[in-house]
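Notes to accompany the following structure.
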Amino acid sequence: MQKMTSVDGLSKARLGRMHDIMAGHVECGSMPGLVTLVSRHGEVHVDVIGRQAFGGAPMRRDSIFRIASMTKPVTAAAAMILVEECKLRLDDPLDRWLPELADRKVLRAIDAALDDTVPARRAITLRDLLTFRLGLGMIVVFPDRYPIQKAIAEAGFAPGPVFPSFAPDELMRRYGTLPLIYQPGERWLYNSGTEILGVLIARAAGTTFAKFLHERIFAPLDMKDTAFHVPADKLDRFVACYMRDHATGELQVFDDPLAGKFATPPVFENGSAGLVSTADDFNAFAQMMLNGGRLGSERILSRPSVELMTTDQLTSEQKQGSELFFGDNRGWGLGLSVVTRRDDLCNLPGRFGWDGGYGTSWYSDPRKISPASC
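Residues in the sequence shown are numbered consecutively from -6, following my numbering.
This is the structure we're talking about:
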């Protein structure tokens, strides 16, 4: 587990309470270890607890984690770099770059047969991908009950802890076989937008997605351990990944550090969930976002781009069916969550970030708040 938060106030007493709570998760066996990082105006506090695996080596400050969906804000930032360079525009059709998604058909209703469709009223845009309103994505109905859910699973995009492993062109071909669930711009559906966005960035930039991220974000921010896989000389710092067996309730290894999915370069560089990183690496990205696109002498994005990314882009109608992700106090900007209403000590409006399904989390607060509010 890894938690990164940028907040006001580094109270020793409160940091001590945080340590006690986090250590309790390790002591009770919920996880082998974790790293927490809190930063404020250049002051950084890191707490390292437990081990990288049950019975394994001690956890380290530079231990490497699978950050899963915390990849999404990074992918969104990469897309905004191309917007600032006028290689992509937020509201232009993407047919040129993603012909597999041109001339879409849309289900007449969510429970309709796959051939019961109407034409899309407009083309899919970059804004649709960034806001998850392209018409493709996760349907939060379990167990599956609609024909489109079966088709999504058969195409290899079923929701769950195992990510697609198709080559980019094959991934897009498969997405192109599916009708849209909703009209472009109509509803928020999780995940597919940034999977496709990684392919778009690679095509528009004329390079691989991994190389673009390295050259334009990771290298400038000195995120030296952030990538789509862990090289052999760093595997000793790569933590084990566990999932709970539903039948026994026991934790079992889901992805082995030495022989798992991240030990070799992937076939698909997944812009939704594919990155690994460390607490300090991701704090550099988080601090860049909190600083309005700049870290030290390096400017990654303009302040207006960051402000757009961290502003809620959704209407209440667009959130329908995905309330699990929002409750009544969150919205969605470009590739990340935004707090819209205060209903807890830490949920101050404007707070932004996102979580990773394997147990990581990051949130930043751009407003000055008192230590009592943390």
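From the three backbone atoms N, C-alpha and C, an ideal C-beta is built for every residue, glycine too.
A quick note: this is a predicted structure, and the numbers were derived from the prediction, not measured.
Does the distance from the C-beta atom of D121 to that of L127 stay below 7 angstroms?
Going by C-beta atoms, D121 is nearer than 7 angstroms to L127.
If we count the other Cβ atoms within 10 Å of its Cβ and call it buried at 16 or more, is P250 buried or exposed?
When all chains shown are included, P250 counts as buried.
With DSSP as the reference, label R97 as helix, strand or coil.
Here R97 sits in coil by DSSP.
So within the stretch 19 to 99, which uninterrupted alpha helix (DSSP H) runs reach at least 4 residues, ignoring any that extend past its ends?
64 to 77, all fully within the stretch 19 to 99.
Let's test the definition: count the other Cβ atoms within 10 Å of the Cβ of K204 and tell me whether it reaches 16, buried, or not, exposed.
Under this definition K204 is an exposed residue.
In whole angstroms, what separates the C-alpha of L87 from that of E188?
Taken atom to atom, the span from the alpha-carbon of L87 to that of E188 is near 15 angstroms.
Rounded to whole angstroms, what is the Cα-Cα separation between Y139 and I103?
Distance between the alpha carbons of Y139 and I103: 7 angstroms.
I'd like the span of the beta strand (DSSP E) that includes L244, first residue to last.
Run containing L244: 244 to 248, per the beta strand (DSSP E) assignment.
Contact check, G289 vs V299, beta carbons under 7 angstroms:
Contact flag unset, no.
Tell me whether the beta-carbon of W405 lies closer than 7 angstroms to the beta-carbon of M63.
This structure leaves residue 405 out entirely; the chain is present only between -6 and 367.
Counting along the chain, where does the alpha helix (DSSP H) carrying M236 start and finish?
Where M236 is concerned, there is no enclosing alpha helix (DSSP H), although the beta strand (DSSP E) around it starts and stops at 234 to 237.
Limits of the unbroken beta strand (DSSP E) element including D348:
Counting along the chain, the beta strand (DSSP E) containing D348 begins and ends at 345 to 349.
Taking the alpha helix (DSSP H) that Y168 falls in, what are its first and last residues?
For Y168, the enclosing alpha helix (DSSP H) begins and ends at 161 to 169.
Given A365, which residues of its chain have a CB within under 6 angstroms of its CB, disregarding the five upstream and five downstream residues?
Bear in mind that a pLDDT of 30 at A365, under 50, signals an unreliable position, so the number given afterwards is only what the model happens to contain. Residues of the same chain with their beta carbon placed closer than 6 angstroms to that of A365 are lacking, with the five preceding and five following residues left out of the count.
Option in V39, R101, V37, S56 with minimal Cα separation from A46
Nearest of V39, R101, V37, S56 to A46, Cα basis: S56.
Which one of S4, F159, F255, G320 has the shortest CA to CA distance from V37?
Considering only S4, F159, F255, G320, the residue with the shortest C-alpha distance to V37 is S4.
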